[in-house]
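See structure below.
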Amino acid sequence: HGDSSIPSGGIYIIIDGRHRLVNASRSVGAARENLVTKKKIRYNNTDQNAFTGRCCGMKIRLQNLTKRFPNRGKRARGEMTAVENLSFEIPDGTLVGLLGPSGCGKTTTLNMICGLEKPTSGQIFFGEEDVTALPPELRGVGMVFQNYALYPHLTVLQNILFPLENLKGEARPSLETAALVQIEELLDRRPKELSGGQQQRVAIARALVKMPRVLLLDEPLSNLDARLRLQTREEICKIQKKTGITTLFV
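The numbering of the sequence shown is the working numbering, which starts it at 8 and goes up by one.
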C-alpha cells in the first residue's frame with residue numbers, strides 16, 4: 008500500500024510479515040530461505056490440543072493454474088480470464104498473504120484451492136497429493152469468508168459446531184477452539200448480538216474446529232474499523248503460530 012515498488016497488476020505474495028514481495032510465479036519456499044526453520048509435526052496427533060499442540064501444516068503447490076469465466080455481457084463474447092498460468096509453492100505450516108488490486112484473481116485463487124471453483128487448467132497439490140478434482144469436503148480446508156457467513160438463527164456455539172455434523176475423523180473440542188480465539192464467554196449469544204470483531208472470531212473458530220490442513224481467509228478484515236483491523240490481524244498471526252496450520256490470507 009503506497010509502495011511504488013509494487014506493480015499495479017497481478018498477484019504478489021507477502022512473506023512472514025517481512026514486507027518482502029515476490030512474483031507469484033516464484034516459489035515462496037525459495038524466497039523464505041534462511042527465514043524459517045521448518046518443524047515436522049504429525050497431523051491429528053490425539054495428544055495435541057488447541058493450547059499446547061500444533062497441527063501439521065500442509066504444503067500447497069499451484070502449477071500453471073488458470074481460470075476463465077464466460078462473459079455475461081450482451082455485447083461481450085468469449086471468455087474472461089480471472090487467473091492465468093499461476094504457479095507458486097507455500098511451505099507447510101506458514102502464513103502467506105496474497106496482495107493485488109481488485110479483480111486480479113485473489114479470491115478466485117482461494118476458491119480453486121478449497122474446491123469451490125474448478126480450474127480451467129492447471130493442478131493443485133497438497134503435499135504430493137493432486138487435489139484438483141477432489142471435492143471440497145474431502146480437502147481438509149477451513150475457509151473464512153469476507154462476510155463471515157454465520158447462521159443468524161444459531162448461537163455462537165452452534166455456529167462453531169456446525170461443520171462437525173457430517174465430519175468423519177478428529178476435531179478440536181469446541182470449548183478449546185473458542186478459548187483459542189477468546190470467545191468462550193460468548194457461546195450462548197447469536198451473531199446479531201456480537202460486534203464485527205467478535206463475529207470474525209466466531210468465523211475463525213468455526214474454520215479451526217475441524218482441524219483443517221489448510222486455512223484460507225478471504226479479506227477477513229475488510230468489514231472492520233481501523234483499530235479492530237490491526238488487532239484482529241495480530242490475533243490471526245498468533246493463532247496461526249499456535250496451530251501451525253498452513254494459512255493463505257487475502
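For every residue, glycine included, the Cβ atom is placed at its ideal position computed from N, Cα and C. All figures in this text were calculated on a predicted structure; none of them were measured in a lab.
When rounded, the separation of the alpha-carbon atoms in residue 172 and residue 131 is 27 Å. Scanning its chain for C-beta atoms nearer than 7 Å, with the 5 sequence neighbours on each side dropped, one finds around residue 206 the residues 155, 157 and 198, in chain order. A residue is called buried when at least 16 other Cβ atoms come within 10 angstroms of its Cβ; residue 76 does not meet this threshold and is exposed. For residue 165, the secondary structure class from DSSP, reduced to helix, strand or coil, is helix. The C-alpha of residue 115 lies about 28 Å from the C-alpha of residue 184.
With a threshold of 16 other beta carbon atoms within 10 Å, residue 159 falls short and is exposed. Secondary structure of residue 214 (DSSP, three-state): helix. Remark: C-beta atoms of residue 224 and residue 236 do not approach each other more closely than 8 Å. When only Cα atoms are considered, residue 124 and residue 194 end up about 33 Å apart. Cβ neighbours of residue 127 within its own chain (closer than 8 Å, five residues either side excluded): 73, 74 and 75. Here residue 248 is exposed: its Cβ has fewer than 16 other Cβ atoms, across all protein chains shown, within 10 Å.
If you look at residue 96, you'll find it in the beta strand (DSSP E) that goes 86 to 97. The three-state reading of DSSP puts residue 183 in helix, counting H, G and I together.
For residue 150, the beta-bridge partners assigned by DSSP are 223. Secondary structure note for residue 101: it is in no beta strand (DSSP E), with a DSSP letter that is neither H nor E.
Assigned with DSSP and collapsed to three states, residue 75 falls in strand. By the C-beta density criterion, residue 208 is buried, having at least 16 other C-beta atoms within 10 angstroms. Here the alpha carbon of residue 108 sits roughly 13 Å from the alpha carbon of residue 90. Residue 240 is not bridged by DSSP to any residue. Your pair residue 213 and residue 169 checks out as a contact, with CB atoms roughly 7 Å apart and the cut at 8 Å.
By the neighbour-count definition (other C-beta atoms within 10 Å, threshold 16), residue 110 is an exposed residue.
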